[in-house]
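Q: Each residue of the sequence shown is one higher than the one before, counting from 801 in our numbering. The beta-carbon is built from N, C-alpha and C at its ideal position, and this holds for glycine as well.
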Amino acid sequence: MCGIVGIVQSDSNRPVDREVLLAMRETLAHRGPDDEGLYVDGPVGLGHRRLSIIDLTTGRQPMGNETGRVVVVYNGEIYNWPELRGELEAAGHCFATRSDTEVIVHGYESFGLDVARRLSGMFAFALWDADRRRLVLARDRAGIKPLYYAGTPEAFLFGSELKALLRHPATERRIDRVALSQYLTFEHVPGPRTIFEGINKLPPGHLLTLENGTVTVTPYWDFHIEESERKEDQKSEAHYLAELKETLKEVVRRELVSDVPVGVLLSGGIDSTGVASLMCELYPGRVKSFSVRFDDPSFDETGYARLAALHLGTEHHEATLTSRDVLDLVPRLADFLDEPLGDSSIMPTFLLSRFTRKEVKVALGGDGGDELFGGYSTLQAHRLFDWYERCTPAVVREKIAPGLIERLPVSFDNISLDFKLRRFAAGQGFSPAMRHHVWLGSFAPADRCRLLQDPDPQVEAEADGILDRHLAACRARETLNRILYLDMKLYLEGDILAKVDRASMATSLEVRVPLLNPLLLDFSQRLPHALKLKGLATKHLLRKALADRVPAAILARGKKGFNMPVAKWLAGPLRPLAQDMLDPDRIKRAGWFKPEAVSRLLREHMDHKRDHRKLLWTLLVFELWRETWA
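(1) Out of THR1114, SER981 and ASP976, state which residue places its alpha-carbon closest to the alpha-carbon of TYR1083.
(2) Starting from GLN809, trace the beta strand (DSSP E) in both directions and tell me its first and last residue.
(3) Let me make sure I understand the geometry here. Which of TYR1176, ARG1207, TYR983 and PRO1148 has the alpha-carbon closest to that of ARG1426?
(4) Tell me whether TYR948 sits in a helix, a strand or coil according to DSSP, three-state version.
(5) Give me the Cα-Cα distance between GLY959 and VAL816, rounded to the nearest whole angstrom.
(6) Just checking my contact of VAL1051 with ASN1317 at CB under 8 Å: how many whole Å lie between their CB atoms?
(7) GLY847 lies in the beta strand (DSSP E); which residues open and close that run?
(8) Check whether the Cβ atoms of ALA1181 and ALA1201 sit closer than 9 Å, and answer yes or no.
(9) Inspect the CB distances between the region 964-976 and the region 820-835 and report whether three or more fall short of 8 Å.
(10) If you drop the 5 nearest sequence neighbours on each side, which residues of the same chain put their C-beta closer than 7 Å to that of LEU1401?
(11) So, at 6 Å on beta carbons, what are the nonlocal neighbours of TYR839 in its own chain, with the 5 sequence-adjacent residues on each side left out?
(12) Along the chain, where does the beta strand (DSSP E) that runs through ILE1354 open and close?
(13) Under a Cβ-count criterion, where at least 16 other Cβ atoms within 10 Å of its own Cβ denotes burial, should PRO1365 be classed as buried or exposed?
(14) With contact counted as at least three CB pairs below 8 Å, one residue from each stretch, are the region 1277-1288 and the region 1111-1130 in contact?
(15) Checking 9 Å against the spacing of the C-beta atoms, do ALA926 and LEU913 come in under that value?
(16) Quick one: what's MET922 bridged to in DSSP?
(17) Using DSSP with H/G/I as helix, E/B as strand and the rest coil, what is LYS1001?
(18) For PHE996 and LEU1290, which I take to be in contact (beta-carbon distance under 8 Å), what is that distance rounded to the nearest angstrom?
(19) May I have a chain-ordered list of the alpha helix (DSSP H) segments no shorter than 4 residues that lie completely inside the region 953-994?
(20) Check this for me: beta carbons of GLU877 and ARG1312, under 9 Å apart or not?
(21) Rounded to the nearest angstrom, how far is the Cβ of SER1153 from that of SER1304, given a contact under 8 Å?
(22) Assuming VAL1017 and VAL1162 form a contact by the criterion Cβ under 8 Å, report the distance between their Cβ atoms to the nearest whole angstrom.
(23) Taking the continuous beta strand (DSSP E) assigned at TYR839, which residues delimit it?
(24) Using the rule of at least 16 other Cβ atoms within 10 Å of the residue's Cβ for burial, across every protein chain shown, is PRO1131 buried or exposed?
(25) Quick one, which of PRO992, PHE956 and ILE999 has its alpha-carbon nearest ARG974's?
(26) What distance in whole Å lies between the Cβ atoms of LEU1208 and ALA1233, which are believed to be in contact at a cut-off of 8 Å?
(27) From the DSSP output, in three-state form, read off HIS1117 for me.
(28) Of the choices ASP1186, PRO833 and SER1177, whose alpha-carbon is the least far from that of LEU1240?
(29) Does DSSP classify THR858 as helix, strand or coil?
(30) Return helix, strand or coil for PRO1365, following the three-state DSSP convention.
(31) Looking at the secondary structure, which residues open and close the alpha helix (DSSP H) in which VAL1311 lies?
(32) According to DSSP, simplified to helix, strand and coil, what is ARG1277?
(33) Give the straight-line distance between the Cα atoms of GLU1027 and PRO1004, rounded to the nearest whole angstrom.
(34) What residue range does the beta strand (DSSP E) around SER1089 cover?
(35) Am I right that GLY859 and THR897 are in contact with their C-beta atoms under 8 Å? What's the rounded C-beta distance?
(36) Does the separation of the CB atoms of VAL1398 and GLY1142 fall below 9 Å?
See the structure below:
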């Protein structure tokens, strides 16, 4: 795992400023503490920071071909590099290293821009073709590895993190109002936007070329759920089950390739336990597993992690997250969040990554299973909501039920009944797509408008329009398949994967996600929805595939996210920080939100009248970020 940066000057007669390029590169030192490299050719400069995983001695970057006319910097892992190398050697290419990086260089020479489609892995790379004077950027299918870019009058810039681009003097820091509204609703800024105007994310499964001053962004892959009604296309559950078992084993085998020790992040959920069980079968030696516990019993799930570790026979390591850790870490969030991210589970993810990094350099994780196999409880909620709307009189839905829910006592425990029911009722009046994100995120559109200082209807419509734009590209027609497509495009890439990347790379730990390997992505696209969500049972086929590997108690448990006691901590140990950062005078000076609206949320939460954990955390993270970066 690494960090990459680059500059291509708009004026081809103006050389790259090496000091600026070095400053950009050094913002990414945490992504690559083992080595560094630089390539400068007149108006073009590429920078690299390396975390050495494969080919520890000869895998330095930037890496070029025999003539030095094709040069690449790259972040990630290519899992099919041995097969590609064999194919390229048969075609006459000579390799100078054992690094997976070199297959990108020679792959480009053989396949051109099609090289990205031929790669199976997690990656973001930048390739400079000196003969064509062409820059090529590419990002993996799921968006596991990040890549930012900006076109300024002075130069075209790119980097693994937004903060790298901010070190260039041509970059401006103007908050994008559409992006801010989207952050408030989704808890992240969905690509291709970023929180700053003029800086973009390269979307997953896309290529960018800069040639003759023209930037072109094109997809080379998309996630499309197939819905065929032809009998010849329909296979039995037994057929899919056998294929899934074989594919799961193959993707874990591929992602264990490493020249350094590999561990596994073990939460005690189905996905991570399944990955760990396959790893124990395929990995030489005893597997090291890692989990984190909370000192609040309503949030602590380490009993399941211990059960999994005992069942699998791993060498298990467990860290404890206390309120003291949170007090120390929250003010530092903005150090590694150069873009606001309102998912509070980034805290335990960071601490787990830091703990794991003491023992290993690489760890497998279980992310992606919920999106591919239908694991989120919101999918169950959609089915229940359909029944609720069909079978419940309007007067009950609109007046009686909301009144009863409001009378429930407020509990700050982990996803308590009152919290669930209030979130469920908040979906009233929305389309399934927006309802889904109202349940997942923070501020509903109307609440957002009451919060913003000067809401612009056009800006707000553009912010919410991202759902329609994604759905227009979705081939599926079944509602829950369309929801899963949105999860891939928004929640997975913008929240889950961004969280894991930032938290793990801040500690120089490489986290691999075998459940998002292209082999499984392709399989899940062909899997009928009925084998994902069967009735109200989530991950139907995945549970069956892992039934002989995972303890019954883990198979039977429902979905529980990597949550932490935000509600309690905001009203307790984090109260002074929240009151300071969300102080009315501070909010007024910033000019983005109405001070009275923020004060009301804070007051109601501190008085235990309402549980505003998501709303307040979203605002707190934004203010911490704004004071650091804006």
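A: Straight from the coordinates:
(1) By 1-based counting over the sequence shown, the position of residue 1083 is 283. If we check each option's Cα against that of TYR1083, THR1114 comes out closest.
(2) By one-based count along the sequence shown, residue 809 stands at place 9. Element bounds for GLN809: 802-809.
(3) In the sequence shown, residue 1426 corresponds to position 626, counting from 1. Ranking TYR1176, ARG1207, TYR983 and PRO1148 by Cα distance to ARG1426 puts TYR983 first.
(4) Translated into the one-based positions of the sequence shown, residue 948 becomes position 148. In the structure shown, TYR948 sits in a strand (DSSP, three-state: E or B).
(5) In the sequence shown, the residue the question calls residue 959 occupies position 159. In the sequence shown, the residue the question calls residue 816 occupies position 16. About 15 Å.
(6) Residue numbering aside, residue 1051 sits at position 251 when the sequence shown is read from its first letter. Residue numbering aside, residue 1317 sits at position 517 when the sequence shown is read from its first letter. Correct: roughly 4 Å between the Cβ atoms.
(7) Locating residue 847 in the sequence shown gives position 47, where the first residue counts as 1. From DSSP, the beta strand (DSSP E) with GLY847 extends over 844-850.
(8) Start at 1 with the first residue of the sequence shown, and residue 1181 comes out as number 381. Start at 1 with the first residue of the sequence shown, and residue 1201 comes out as number 401. No. Outside cutoff.
(9) yes
(10) In the sequence shown, residue 1401 corresponds to position 601, counting from 1. These residues qualify, in order along the chain: HIS1412, LEU1415 and LEU1416.
(11) The residue given as residue 839 occupies position 39 in the sequence shown. Same-chain partners within the cutoff: LEU846, PRO862 and VAL871.
(12) Position 554 of the sequence shown, counted from the start, is the residue given in the question as residue 1354. No beta strand (DSSP E) contains ILE1354, which is instead part of the alpha helix (DSSP H) from 1352-1356.
(13) Residue 1365 sits at position 565 when you count from the first residue of the sequence shown. It counts as buried.
(14) no
(15) The residue you call residue 926 lines up with position 126 of the sequence shown. The residue you call residue 913 lines up with position 113 of the sequence shown. Taking 9 Å as the Cβ cut-off, ALA926 and LEU913 do not qualify as a contacting pair.
(16) Taking the first residue of the sequence shown as position 1, residue 922 is located at position 122. Answer is GLU877.
(17) In the sequence shown, counting from the first residue as 1, residue 1001 sits at position 201. Note: LYS1001 maps to strand in three-state DSSP.
(18) Along the sequence shown, read from residue 1 onward, the residue named residue 996 stands at position 196. Along the sequence shown, read from residue 1 onward, the residue named residue 1290 stands at position 490. With 8 Å as the limit, PHE996 and LEU1290 do not qualify as a contact, their Cβ atoms being about 19 Å apart.
(19) 962-966 and 977-986
(20) Mapped onto the sequence shown, residue 877 falls at position 77. Mapped onto the sequence shown, residue 1312 falls at position 512. Contact flag set, yes.
(21) By 1-based counting over the sequence shown, the position of residue 1153 is 353. By 1-based counting over the sequence shown, the position of residue 1304 is 504. Between SER1304 and SER1153 the Cβ distance is about 4 Å, and since that is below 8 Å, they are a contact.
(22) Reading the sequence shown from its first residue, position 217 is the one you call residue 1017. Reading the sequence shown from its first residue, position 362 is the one you call residue 1162. Not quite, the Cβ-Cβ distance comes to about 31 Å (not below 8 Å), so this is no contact.
(23) Indexing the sequence shown from 1 puts residue 839 at position 39. Here the beta strand (DSSP E) through TYR839 covers 835-841.
(24) To locate residue 1131, count along the sequence shown from 1; it is residue 331. Burial call: exposed.
(25) As a first step, residue 974 is located in the sequence shown; it is residue number 174 there, counting from the start. It is ILE999.
(26) The residue given as residue 1233 occupies position 433 in the sequence shown. The residue given as residue 1208 occupies position 408 in the sequence shown. Their Cβ separation, rounded to whole angstroms, is 28 Å, which puts ALA1233 and LEU1208 out of contact at 8 Å.
(27) Here the question's residue 1117 lines up with position 317 in the sequence shown. In the structure shown, HIS1117 sits in a strand (DSSP, three-state: E or B).
(28) The count along the sequence shown starts at 1 and reaches residue 1240 at position 440. It is SER1177.
(29) Your numbering for residue 858 matches position 58 in the sequence shown. It is coil, neither helix nor strand.
(30) In the sequence shown, the residue the question calls residue 1365 occupies position 565. PRO1365: coil per DSSP, three-state reduction.
(31) Walking along the sequence shown from the start, residue 1311 turns up at place 511. Segment 1310-1312 is the beta strand (DSSP E) holding VAL1311; no alpha helix (DSSP H) there.
(32) On the sequence shown, residue 1277 is found 477 positions in, with the first residue counted as 1. DSSP places ARG1277 in coil when its eight states are reduced to three.
(33) Within the sequence shown, residue 1027 is the residue found at index 227, counting from 1. Within the sequence shown, residue 1004 is the residue found at index 204, counting from 1. Approximately 23 Å between the Cα atoms of the pair.
(34) Position 289 of the sequence shown, counting from 1, holds the residue named residue 1089. Start and end: 1088-1094.
(35) Counted from its first residue, the sequence shown places residue 859 at position 59. Counted from its first residue, the sequence shown places residue 897 at position 97. Contact holds; Cβ gap of about 6 Å.
(36) The residue you call residue 1398 lines up with position 598 of the sequence shown. The residue you call residue 1142 lines up with position 342 of the sequence shown. For VAL1398 and GLY1142, no; Cβs fall outside 9 Å.
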